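Numbering-wise, numbering that gives the first Met the number 0 puts 15 at position 16 of the sequence shown, and it's gapless, one number per residue.
Working notes for the structure below.
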Amino acid sequence: MYETMKKKRWYLIYIAAVLMLTAFPFVGMSAAATNETTENKELARFPRLRSDGTWNVRYLAQLGDYFEEHFAFRQELVAANALIRGRLLGVSASDQVLVGKDGWLYYTGTLDDYLGRNQMSEEGLANAVHNIGLMQQYVEDRGSRFLITIAPNKNSVYDSYMPSNYLRSGENNHTRLTPLLKQAGIHYADLYEIFEESDECLYLQGDSHWNNKGALLVCRKLLDGLDREYDGSAYDSWEVRKEHTGDLAEMLYSVAAKPEDNVYYDRIPIYAYVNDVEDTEEDWIETINPNGQGRLLMFRDSFGNSMLPILANEFEYGYFSRLVPYNLGNLDKYHPEYVVVERVERRLSFFAEQPPVMEGPVRVLEELRAAATDTTVSVREDGSWYVVEGTLDSEYAQKDSRVYVSVRTQNGESVTYEAFLTSSRGEEGWNDNGYQLYLRQASLPRGKVNLDIILVNGSTQTIVGTEELKG
């Protein structure tokens with residue numbers, strides 16, 4: 000009898016403990032509900048039973064969503080789960096972060112490049128090179144220096160910490176694109192050389208980016224590429240401090256992410272912000288430095304965050320943009336002597352997908368012919384611009400084709416511009432037969448004009464489509 004009572008007591012204690020544990024996240028919401036998150040999303044709101052005078056049929060589902068995102072100590076419990084899985088089992092609790100060896104973290108968005116899958120076609124690469132070439136011509140026609148560079152994916156330069164079950168491919172967008180840039184005469188700064196030649200680790204363990212020393216070496220590489228002199232001893236004084244919390248660590252471990260070592264230079268910034276700036280993540284930043292020389296316009300991504308203070312110390316005026324598409328119309332506003340384009344390796348298809356905001360170079364028409372094709376043409380307004388875009392008939396388009404857009408008035412006068420070539424990714428793969436051109440509305444004559452789409456294959460120029468535009 001006594002043994003039976005003892006077993007029942009333990010059963011009751013076990014049941015009570017399970018009930019307390021399962022009820023804890025709900026009951027605890029009264030004192031410690033989760034109302035903030037480190038995740039890049041907006042938390043669900045408490046649902047209404049009635050909405051717009053009718054019963055909310057999704058009330059219970061929305062209530063479940065609310066509880067899932069607001070239960071007590073959610074961030075701490077999520078972090079504990081990530082730590083157990085990541086540190087003990089080597090498995091990531093996030094589909095955006097890959098857990099490597101020795102605690103190294105990698106962004107899963109770089110896996111396509113690492114494995115050589117889902118890469119651009121040969122035509123897409125040709126489109127990217129063509130578009131970058133038009134950008135360089137636009138910049139140089141205005142008397143400025145142009146330089147483009149690619150920020151390496153972390154696992155492209157530090158692959159020894161990648162999980163062994165991921166086999167690196169020897170070919171990807173970067174390895175295929177850079178020889179084409181050099182063949183086309185594009186002014187390109189190769190950052191991969193920096194990291195391959197250095198004995199030091201220049202990327203952060205829990206971050207997708209380089210550390211501050213890596214940023215300094217990159218800036219010096221760019222300054223060399225622009226034929227700019229700099230004081231090589233300006234950053235000789237530095238210290239290592241455990242103050243940087245990596246983006247990948249925060250993404251995976253949330254509130255449990257720990258800071259890691261980074262290099263911090265003692266040089267005092269001698270530049271000032273012109274506009275309101277909270278941090279270097281801002282989309283548009285202007286700097287001024289009375290001791291600097293020249294004007295720099297830089298189109299960059301998050302890799303430019305750590306570069307900005309170094310470059311701002313070198314130039315009298317700095318204009319740093321994360322906005323896309325790139326607005327090269329800013330050259331006419333700010334008149335920079337130097338234009339730098341920095342893009343991360345995993346986003347190289349961007350150059351074939353989003354042409355910059357600028358008018359293409361003026362071209363001269365030769366003997367034209369016409370053909371009835373399935374080429375599409377459309378025109379839309381975008382601020383003070385018209386955007387002419389469409390898709391070429393695949394039976395006529397070739398790998399080295401170019402596209403002109405001729406603006407023809409009713410009296411027969413015309414101005415012809417070269418368009419950008421675009422690629423788009425669909426369910427069936429890449430379509431590399433697109434084209435796009437920005438036209439300033441103010442530069443078009445008043446009244447009705449015709450836009451002739453001209454396909455250029457070698458020395459043959461063929462009108463493959465026409466669209467009427469009322470200016």
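Note that CB positions come from ideal geometry on N, CA and C, so glycine has one too.
Being a predicted model, the structure only gives us computed values, none of them experimental.
A residue is called buried when at least 16 other Cβ atoms come within 10 angstroms of its Cβ; V98 meets this threshold and is buried.
Here the stretch 140-148 lies against the stretch 338-349, with 3 or more beta-carbon pairs under 8 Å apart. Here H243 carries a strand assignment [DSSP, helix/strand/coil]. Minimum Cα-Cα distance from H186 among the listed residues L133, V156 and W237 corresponds to L133. For the pair L347 and A127, the CB atoms are nearer than the 9 Å cut-off. By the C-beta density criterion, V363 is exposed, having fewer than 16 other C-beta atoms within 10 angstroms. Within the stretch 375-402, the complete beta strand (DSSP E) runs of at least 3 residues fall at 377-381 and 384-390. One thing to note: Y106 has its Cβ no nearer than 9 Å to the Cβ of S155. Per DSSP, the beta bridge partners of E466 are L450. Less than 9 Å separates the beta-carbon of V404 from that of G359. Taking 8 Å as the upper bound for CB-CB distance, S383 and A441 are in contact here, some 7 Å apart.
The Cβ atoms of T374 and Y395 lie closer than 9 Å to each other. Residue pairing from DSSP places Y316 in a beta bridge opposite I287 and R294. The three-state reading of DSSP puts T177 in helix, counting H, G and I together.
In this structure, DSSP gives Y105 an extended state, which the three-state scheme calls strand. Around the Cβ of K153, a 10 Å sphere holds 16 or more other Cβ atoms; the residue is buried. Under the 8 Å Cβ criterion, the stretch 314-329 counts as touching the stretch 281-296, having at least three qualifying pairs. DSSP, read as helix, strand or coil, puts E139 in helix. Taking the Cβ atoms as the reference, G123 lies roughly 5 Å from W429, within the contact range of under 8 Å. In terms of CA proximity to L307, L216 leads the group L176, K332, Q397 and L216.
With fewer than 16 neighbouring CB atoms inside 10 Å of its own CB, P289 falls in the exposed class. Residue pairing by DSSP puts F419 in a beta bridge opposite Q435.
For I149, there is no enclosing alpha helix (DSSP H); the enclosing beta strand (DSSP E) has its first and last residue at R144 to A150.
Counting along the chain, N261 sits inside the beta strand (DSSP E) bounded by residues E259 to Y264. Here DSSP, grouped into helix, strand and coil, assigns Y325 to coil.
Beyond the five residues adjoining it in sequence on each side, A183 comes within less than 7 Å, by CB distance, of V128 and G132 in the same chain, given in chain order.
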